[in-house]
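*Asks:* Pasting in a structure now, in structure tokens, and then I'll have a few things to ask.
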Amino acid sequence: MRKPIIAGNWKMNLSLKDAVAFAEEVKGTVPASSKVDAAVCAPSVFLAHLTEAAAGTDLKIGAQNMYDQESGAYTGEISPVMLKDLGVTYVILGHSERREYFGETDAFINSKAKKAFEHGLVPIVCVGETLEQREGGQFESVIREQTANSLKGLTVDQVKNLVVAYEPVWAIGTGKSATEQDAQDSCKFVRDVVAAEFGTEAAEAVRIQYGGSVKPENIKEYMAQPDIDGALVGGASLETGSFLKLLEAI
Ligand code: PEP
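In my numbering, the protein residues as written are 33 to 282.
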């Protein structure tokens, strides 16, 4: 059985004070770790404070990005070694906003995923089609390519341990969530691609999240789907009340 994972993606939001207050409030209330994995992926400047605030609890901390090198002349970048050193558990890679605004390619995301594993971080690899691609009948080719190329060369054990977030771009931050059947079919398609590339054992173990306007009011329908193992949540993860409601719905 795959353990569900709810991960908040705060994007470039909150103040340090709010972020630490969130962790202080949520850490003791996170439901038993046997039921669900809970994480918030925060701006990098908050990470040290958050890992300290949540240390020893079931609230895990994630980063929203990293570079694919350990150290060196890469002004402005954050390395996997630094994240690990801070006690970070997860790292989101290839979020559609990074693909769109920062030109991230599958090859770069793939390189980062390998580095994340080298340093003991769990990647949350994002894939998802735009509305134009969906309406143009390109859903399958886009998702197959993004999934296969972003995970290329990983070992079966690594694939079993990572998280893929299927996030249709048209549903992110728009309030237009995918229907639970659409989300299920898409997550199943991602799992089929993993099976074709890495075998059924990897496909059965990999956790696949749905992301795109998930909130306390709709999470139950998504979680009832056989191929949806959790959610990557933007807007509804910014407040403790709704984040806890998401966890309680599992
Ligand atoms: C996201 O940031 O990955 C996301 C899914 O955002 P939202 O939940 O706000 O749509």
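Virtual Cβ for every residue (Gly too), placed ideally from N, Cα, C.
Going by the DSSP bridge assignment, what does PHE254 pair with across the sheet?
*Replies:* Locating residue 254 in the sequence shown gives position 222, counting from the first residue. Phe is not the amino acid found at residue 254; the sequence shown has Tyr there. Answer by DSSP bridge pairing: none, since TYR254 is not bridged.
*Asks:* My guess is that GLN96 and ILE124 are in contact by the Cβ rule of under 8 angstroms, so how many angstroms apart are they, rounded?
*Replies:* As a working note, residue 96 is residue 64 in the sequence shown. As a working note, residue 124 is residue 92 in the sequence shown. 5 angstroms between Cβ atoms; contact.
*Asks:* Nearest chain B C-beta to ILE260 closer than 8 angstroms, yes or no?
*Replies:* Here chain B cannot be found, since the structure has a single protein chain.
*Asks:* Is GLU199 near ligand 1, judged by its Cβ being under 7 angstroms from some heavy atom?
*Replies:* Counted from its first residue, the sequence shown places residue 199 at position 167. Because some heavy atom of ligand 1 lies under 7 angstroms away, the Cβ of GLU199 counts as near it: yes.
*Asks:* Return yes when the Cβ of VAL265 is within less than 8 angstroms of the Cβ of VAL238, no when it is not.
*Replies:* Here residue 238 corresponds to residue number 206 of the sequence shown, with the count starting at 1. Here residue 265 corresponds to residue number 233 of the sequence shown, with the count starting at 1. Not a contact, by the Cβ cut-off of 8 angstroms.
*Asks:* Between the alpha carbons of TYR198 and GLY244, how many angstroms are there, rounded?
*Replies:* The residue labelled residue 198 in the question sits at position 166 within the sequence shown. The residue labelled residue 244 in the question sits at position 212 within the sequence shown. Spanning the two alpha carbons is a distance of roughly 9 angstroms.
*Asks:* Would you give the residue range spanned by the alpha helix (DSSP H) that ASN193 belongs to?
*Replies:* Indexing the sequence shown from 1 puts residue 193 at position 161. ASN193 -> alpha helix (DSSP H) spans 188-193.
*Asks:* Three-state secondary structure (DSSP) at GLY94?
*Replies:* Numbered from its first residue, the sequence shown carries residue 94 at position 62. Note: GLY94 maps to strand in three-state DSSP.
*Asks:* Quick one: Cα of THR211 to Cα of THR179, how far?
*Replies:* Locating residue 211 in the sequence shown gives position 179, where the first residue counts as 1. Locating residue 179 in the sequence shown gives position 147, where the first residue counts as 1. Spanning the two alpha carbons is a distance of roughly 21 angstroms.
*Asks:* From the DSSP output, read off the bridge partner residues of ARG239.
*Replies:* Working through the sequence shown from its first residue, we reach residue 239 at position 207. In DSSP, ARG239 forms a bridge with VAL195.
*Asks:* How is the alpha helix (DSSP H) around ASN142 delimited, first residue to last?
*Replies:* If you number the sequence shown from 1, residue 142 lands on position 110. Residues 138-150.
*Asks:* Ignore the nearest five residues each way along the sequence and tell me which others in ALA215's own chain have a CB closer than 7 angstroms to its CB.
*Replies:* Taking the sequence shown and counting its residues from 1, one reaches residue 215 at position 183. Contacts found: TYR242, TYR254, GLN257 and ILE260.
*Asks:* Would VAL68 pass as a contact of PRO112 if the rule is Cβ separation under 8 angstroms?
*Replies:* Reading the sequence shown from its first residue, position 36 is the one you call residue 68. Reading the sequence shown from its first residue, position 80 is the one you call residue 112. The answer is no: Cβ separation not under 8 angstroms.
*Asks:* Using the C-alpha atoms, what's the distance from ARG223 back to ALA86?
*Replies:* Against the sequence shown, residue 86 aligns to sequence position 54. Against the sequence shown, residue 223 aligns to sequence position 191. One C-alpha to the other measures close to 32 angstroms.
*Asks:* Does the Cβ of SER182 lie closer than 7 angstroms to at least one heavy atom of ligand 1?
*Replies:* Counting from 1 along the sequence shown, the entry for residue 182 is found at position 150. Flag unset: Cβ of SER182 not near ligand 1.
*Asks:* Any idea what DSSP makes of ALA74, helix, strand or coil?
*Replies:* Here residue 74 corresponds to residue number 42 of the sequence shown, with the count starting at 1. Of the three classes helix, strand and coil, the one that applies to ALA74 here is strand, per DSSP.
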